[in-house]
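So the sequence lines, in the order shown, correspond to chains V and A. If you want the numbering used here, it's the 1-based position in the first sequence plus 55. If you want the numbering used here, it's the 1-based position in the second sequence plus 55.
2 protein chains.
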Amino acid sequence: MSTYIPTERTQVKRLPKRAAYDKAQVHAILDEGFVCHVGFAIDGQPYVIPTLYARAGERIYFHGSAASRMLRSAGEGVPVCLTVTLVDGFVLARSAFHHSMNYRSVVVLGSARPVTHDAEKREALHLFTNHIVPGRWEEVRQPTDQELKATSVLALDLNEVSAKVRTGPPLDEEEDYALPVWAGVIPLEIGFGEPVPDSRLQPGAPEIDVGRLKKRRNGAGR
Amino acid sequence: MSTYIPTERTQVKRLPKRAAYDKAQVHAILDEGFVCHVGFAIDGQPYVIPTLYARAGERIYFHGSAASRMLRSAGEGVPVCLTVTLVDGFVLARSAFHHSMNYRSVVVLGSARPVTHDAEKREALHLFTNHIVPGRWEEVRQPTDQELKATSVLALDLNEVSAKVRTGPPLDEEEDYALPVWAGVIPLEIGFGEPVPDSRLQPGAPEIDVGRLKKRRNGAGR
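Below you can see the structure in the form of structure tokens.
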């Protein structure tokens with residue numbers, strides 16, 4: 056089994072039995088999510104910005120535009136924390152205290168590097184697009200050189216990584232199991248609504264098949 | 056119209072037309088979400104941790120256990136950034152470059168204060184619980200003093216706040232509208248699956264009505 060080596064900074068200290076460092080498990084969480092939250096600090100003030108990302112092997116690419124503040128102020132080698140969270144279910148216990156969530160989250164620490172080479176940036180955009188809708192890149196107009204220049208992408212290697220996972224039913228105090236209250240898990244999943252075509256769609260343009268989209272956060276809380 | 060006053064730190068600089076400072080709009084986003092991402096920095100390294108929260112007027116309470124690292128290291132008045140993101144839809148354009156998301160996000164900057172008084176902490180837990188399942192607090196066993204002590208809660212006032220919102224169809228380059236490719240919005244919404252009762256449920260315990268749960272991220276991307 057291939058795992059990330061916990062460091063002082065990624066060793067899960069609270070509820071360590073929920074920790075996971077297995078690479079395959081980390082990759083699966085990263086591949087199911089599509090929005091990450093990137094944290095960076097300026098003059099001691101942290102900022103947390105949502106943005107899109109995709110994984111390529113042991114590297115994550117993420118959209119840097121939203122974090123342009125960071126890029127302007129810090130240049131190369133910015134310390135960041137990139138977090139992906141999938142919520143699988145509400146866990147309803149018999150006591151308020153033991154209410155919880157079933158979730159899978161990944162925290163990546165490291166230095167983000169701006170992607171400057173056109174070929175690598177193009178490949179990252181390819182990954183972003185097809186991570187949302189497989190095959191989409193191949194059917195739309197490709198970026199021009201100017202568009203490529205206008206897009207900022209950052210790369211972060213998967214070295215210092217931890218996952219945290221909760222699954223299963225509520226865990227109540229022994230005496231509380233006698234209480235006549237409903238307890239269990241309410242699974243959450245992201246559903247895709249009916250696609251809304253753009254008003255200027257060309258007549259005869261093919262329809263979009265929502266079945267092409269990846270299932271996301273699908274019932275792992277059960 | 057009551058608004059938050061933008062500061063140098065919360066003024067949205069990229070795509071400023073997506074910015075919103077209206078209090079009612081910020082409150083609505085915070086009330087629809089249930090997981091926030093809290094950022095804090097230790098020795099210049101940012102950390103971003105997902106946790107539960109609820110709003111009480113112009114204050115947010117969030118679960119501090121996951122951020123216990125922060126509490127241990129920093130004591131009172133920790134600079135944090137609390138971000139809530141709702142994704143409403145995938146925006147599919149005719150060019151790769153103009154692909155986007157419909158989303159609503161809120162960023163709160165400030166100093167988090169540990170809640171130490173029992174009454175305030177109990178009220179925060181009450182809010183957390185009923186924010187997920189309205190009325191749940193009233194039907195489960197209340198926290199003991201020991202459980203209350205074992206729970207850490209932080210408070211963050213809504214002073215330095217901004218929202219960012221994208222809605223509507225893709226915006227393509229004029230010449231791209233002639234391309235015969237599907238374009239439009241695929242709405243996302245969180246669905247609740249069939250509740251999974253705990254295996255030790257008391258016979259005759261009432262069922263849970265999923266209709267009690269708030270609708271989340273429901274179709275605002277249309």
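Using N, Cα and C, we set each Cβ at its ideal position, and we do this for glycine too. Being a predicted model, the structure only gives us computed values, none of them experimental.
Distance, L164(A) Cα to Q66(A) Cα: For the purposes of this step, residue 66(A) is taken as residue 11 along the second sequence, with counting starting at 1. For the purposes of this step, residue 164(A) is taken as residue 109 along the second sequence, with counting starting at 1. If I take the Cα positions, the gap works out to 12 Å.
Quick one: which residues of the region 243 to 258 of chain V get their C-beta closer than 8 Å to a C-beta of chain D? List them in chain order. The chain labelled as chain D is not found among the protein chains of the depicted structure, namely V and A.
Per DSSP, V81(A) forms a beta bridge with which residues? As a first step, residue 81(A) must be located in the second sequence, where it is residue number 26. According to DSSP, which records beta bridges pairwise, V81(A) is partnered with nothing at all.
Which residues in the same chain as G276(V) place their Cβ atom closer than 6 Å to its Cβ, once the five residues preceding and following it in sequence are excluded? As a first step, residue 276(V) must be located in the first sequence, where it is residue number 221. Because the pLDDT at G276(V) is just 29, under 50, the model does not fix this residue reliably, and the value given afterwards should be weighed accordingly. In its chain, beyond the 5 residues on either side, D143, G144, N157, V240, P242 have a beta carbon closer than 6 Å to the beta carbon of G276(V).
What's the call for L137(V), buried or exposed, on a 16-neighbour Cβ count within 10 Å? Here residue 137(V) is taken as the residue at index 82 of the first sequence, counted from 1. Buried, by the Cβ-count rule.
Between L256(V) and P235(A), what straight-line distance do the alpha-carbon atoms span, to the nearest angstrom? Residue mapping note: residue 256(V) aligns to position 201 of the first sequence, counting from 1. Residue mapping note: residue 235(A) aligns to position 180 of the second sequence, counting from 1. So the alpha carbons of these two residues sit roughly 8 Å apart.
So P169(V) contacts chain A; which residues on that side make the cut at Cβ distance below 7 Å? The residue given as residue 169(V) occupies position 114 in the first sequence. None at all; the shortest Cβ gap to chain A is about 16 Å.
Could you tell me which chain V residues have their CB closer than 7 Å to the CB of Y102(A), listed as they occur along the chain? Start at 1 with the first residue of the second sequence, and residue 102(A) comes out as number 47. Within chain V, G94, C136 have C-beta atoms less than 7 Å from the C-beta of Y102(A), given in sequence order.
So is I1(A) buried or exposed if we call it buried at 16+ other beta carbons inside 10 Å? Residue 1(A) lies beyond the range of chain A shown here (56 to 277); nothing can be said about it.
Closer than 7 Å at the beta carbon, the chain A residues around Y232(V): Locating residue 232(V) in the first sequence gives position 177, where the first residue counts as 1. Neighbours of Y232(V) on chain A, chain order: R255.
Any contact between the region 112 to 122 of chain A and the region 202 to 213 of chain A? By contact I mean 3 or more CB pairs, one from each, below 8 Å. yes
Interface positions of the region 187 to 221 of chain A facing chain V (Cβ-Cβ less than 9 Å), listed along the chain: I187, V188, R191, W192, E194, V195, R196, Q197, P198, T199, E202, L203, A205, T206, K219
Quick one: list the residues of chain V neighbouring E262(A), beta-carbon separation under 8 Å, in chain order. As a first step, residue 262(A) must be located in the second sequence, where it is residue number 207. The contacting residues are W237.
Out of R73(A), Q80(A), T140(A), state which residue places its alpha-carbon closest to the alpha-carbon of T106(A). The residue you call residue 106(A) lines up with position 51 of the second sequence. When only C-alpha atoms are compared, the closest one is T140(A).
Would Y116(A) and V170(A) be called neighbours here (beta carbons separated by less than 9 Å)? Mapped onto the second sequence, residue 116(A) falls at position 61. Mapped onto the second sequence, residue 170(A) falls at position 115. With a cutoff of 9 Å on beta-carbon distance, Y116(A) and V170(A) are scored as near each other.
For a test of the three-state rule: what should DSSP assign to A218(A), helix, strand or coil? On the second sequence, position 163 is the one that residue 218(A) refers to. Strand.
Compute the distance between the beta-carbons of V90(A) and P101(V), then report whether it is under 9 Å. Position 35 of the second sequence, counted from the first residue, corresponds to residue 90(A). Position 46 of the first sequence, counted from the first residue, corresponds to residue 101(V). No, these two residues do not count as a Cβ contact at 9 Å.
Is it right to say K72(A) is buried, meaning 16 or more other beta carbons lie within 10 angstroms of its own, or is it exposed? Looking up residue 72(A) in the second sequence gives position 17. Under this definition K72(A) is an exposed residue.
Quick one: is L182(V) near chain A, going by C-beta distance under 9 Å? Mapped onto the first sequence, residue 182(V) falls at position 127. Chain A contact via Cβ: absent.
Would you tell me roughly how many angstroms separate the C-alpha atoms of R272(A) and S160(A), rounded to the nearest one? Reading the second sequence from its first residue, position 217 is the one you call residue 272(A). Reading the second sequence from its first residue, position 105 is the one you call residue 160(A). Caution applies to R272(A), whose pLDDT of 47 falls short of 50 and renders its modelled position unreliable; the value that the coordinates give is listed next. So the alpha carbons of these two residues sit roughly 12 Å apart.
Compute the distance between the beta-carbons of L213(V) and V81(V), then report whether it is under 9 Å. Taking the first residue of the first sequence as 1, we reach residue 213(V) at position 158. Taking the first residue of the first sequence as 1, we reach residue 81(V) at position 26. Contact flag set, yes.
Would you say the beta carbon of L226(V) comes nearer than 8 Å to a heavy atom of the ligand PLP? Within the structure as shown, the ligand PLP is missing, as the structure has no ligands at all.
Just the Cα atoms here: how many angstroms apart are H248(V) and E194(V)? Numbered from 1 along the first sequence, position 193 holds the residue referred to as residue 248(V). Numbered from 1 along the first sequence, position 139 holds the residue referred to as residue 194(V). His is not the amino acid found at residue 248(V); the sequence shown has Gly there. One C-alpha to the other measures close to 22 Å.
Contacts around G274(A), its chain only, beta-carbon distance under 8 Å, and the 5 residues preceding and following it disregarded: Position 219 of the second sequence, counted from the first residue, corresponds to residue 274(A). Summary for G274(A): the model assigns pLDDT 32, below 50, so the residue's position carries little reliability; its value from the coordinates is reported in the next sentence. Excluding residues within five positions, the ones whose Cβ falls inside 8 Å are D143, P242, E244.
If you follow the alpha helix (DSSP H) that I187(V) is in, where does it begin and where does it stop? As a first step, residue 187(V) must be located in the first sequence, where it is residue number 132. Where I187(V) is concerned, the enclosing alpha helix (DSSP H) stretches over 173 to 187.
What are the start and end residues of each continuous beta strand (DSSP E) run of 3 or more residues lying completely inside the region 204 to 258 of chain V, in chain order? 208 to 212, 215 to 221, 239 to 247
Hey, how far is the Cα of R110(A) from the Cα of E230(V)? Walking along the second sequence from the start, residue 110(A) turns up at place 55. Walking along the first sequence from the start, residue 230(V) turns up at place 175. Spanning the two alpha carbons is a distance of roughly 32 Å.
Given that a residue counts as buried once 16 or more other Cβ atoms are within 10 Å of its Cβ, and exposed if not, what is A79(A)? Residue mapping note: residue 79(A) aligns to position 24 of the second sequence, counting from 1. It counts as exposed.
With 8 Å as the limit, tell me which residues of the region 105 to 122 of chain V have their beta carbon closer than that to any beta carbon of chain A; keep them in chain order. P105, L107, S120, A121
If you compare alpha carbons, which of R267(V), A218(V), G223(V), A260(V) is closest to P61(V)? Residue 61(V) sits at position 6 when you count from the first residue of the first sequence. Ranking the options by Cα distance to P61(V), first place goes to A218(V).
Report the three-state DSSP secondary structure of Q66(A) (helix, strand or coil). Position 11 of the second sequence holds residue 66(A). Q66(A): coil per DSSP, three-state reduction.
R168(A) - DSSP class collapsed to helix/strand/coil: Here residue 168(A) corresponds to residue number 113 of the second sequence, with the count starting at 1. DSSP, reduced to helix, strand and coil, places R168(A) within a strand of the structure shown.
Beta-carbon contacts of D173(A) that lie in its chain and below 8 Å, excluding the five residues immediately before and after: Translated into positions along the second sequence, residue 173(A) becomes position 118. Cβ within range, chain order: D200, L203.
Range of the contiguous beta strand (DSSP E) that encloses D143(V): Walking along the first sequence from the start, residue 143(V) turns up at place 88. Taken as a continuous stretch (DSSP letters only), the beta strand (DSSP E) holding D143(V) covers 133 to 147.
What is the DSSP secondary structure of G266(V), counted as helix, strand or coil? Against the first sequence, residue 266(V) aligns to sequence position 211. Of the three classes helix, strand and coil, the one that applies to G266(V) here is helix, per DSSP.
When DSSP labels each residue in this structure, what does P71(V) get in the three-state scheme? By 1-based counting over the first sequence, the position of residue 71(V) is 16. P71(V): helix per DSSP, three-state reduction.
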